[in-house]
Amino acid sequence: MTNPADSTTRARLDRALAALAHTFHGMTARADEVQCTCHWGGEEELALLKLPGRELTPDLLHRTWSAPDWRDHGAVLRRILPQFARALVAGSTHHWTGASEVGQAFAKGDWQCWSAQQRAAVQEFLGAWWAYTLTDPAPTTPVHDLLALCTEASGTLAPWLTAWETTEHPTADRHLKTAAAHWEYDLLRDELPWYTCHDETSLRTGLTTWLAHHAPPRLRAGNTEDLLHRIRLAAAPTPARWEDPHWPERPYAPEVDR
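Take a look at the structure:
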């Protein structure tokens, strides 16, 4: 996978992946870790997680990171993280589930309470992947999905939106237009565009406010007038937004019969 627009961010991502491989080399699940053989997998598969460095099949990798009931989620995540991160960047996990669920797997591992070196490696991986994707013309993970993943993994929108805001690049602007079009229906209904395990109201308000402030100057070029009105209305209070002459002819709110 190459990004002709910015080889610097690709080099940063490659370094972050290498740092994960180095930092988590030799990690294993706990010796007393257990799983349901009826629903998760067999004893031989569980035994692989207690051995360092053994690659997992894509199916076993998915069952491992998505299982909700490990005794020690952190140890399991540390065991699979180098392979998991490579699969995420390559896009080979996308047919399994949504991006926000991937981020929640990081959150369940409680990675922000790991050692300083381990925390730094995970933070840099997420930051490098985000920076690369913002200027990648054809990312394996759409930017709106990766924002959900990074937000769920970290519990905050702030660093990801700040990085987007400061990335002055036409590709980042195109991704913003695509993301705004993807989000506007949910935001106009006062709903976060993805399922979260964090404070939904806070995240939705933060995303809506940022979008209303930063999207218009970057999206004025092209046929975006209707989209910009919907962004503006999403940040407007109810019920005033429903009486706005630019309120779209779609059933965003049950109180409004158009």
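All residue numbers for the sequence shown refer to our numbering, where the first residue is 734 and numbers rise by one.
Positions of the beta carbon are idealized from the N, C-alpha and C atoms, including for glycine.
How many whole angstroms separate the CB atoms of residue 833 and residue 918, which I take to be in contact at a CB cut-off of 8 Å?
With a Cβ gap of about 17 Å, residue 833 and residue 918 do not count as contacting.
Measure the C-alpha to C-alpha separation of residue 935 and residue 822 and round it to an integer number of angstroms.
Distance between the alpha carbons of residue 935 and residue 822 is about 28 Å.
Count the other C-beta atoms from every protein chain shown that fall within 10 angstroms of the C-beta of residue 755, then say buried if there are 16 or more, exposed otherwise.
Residue 755 should be labelled exposed.
According to DSSP, is residue 847 part of a helix, a strand, or is it coil?
Of the three classes helix, strand and coil, the one that applies to residue 847 here is coil, per DSSP.
Three-state secondary structure (DSSP) at residue 905?
Helix, per DSSP.
Suppose the cutoff is 8 Å on Cβ atoms and the five residues either side in sequence are ignored; what does the same chain contact list for residue 942 look like?
Answer for residue 942: 968, listed in chain order.
Quick check: residue 798 and residue 838, are their CB atoms within less than 8 Å of each other?
In this structure, residue 838 lies closer than 8 Å to residue 798 by Cβ.
With a CB to CB cut of under 6 Å and the five nearest residues on each side skipped, what residues in its chain are close to residue 757?
So the list reads 811, 814 and 815, once near-sequence residues are dropped.
Where does residue 788 fall in DSSP's three states?
The answer is coil: DSSP assigns residue 788 none of H, G, I, E or B.
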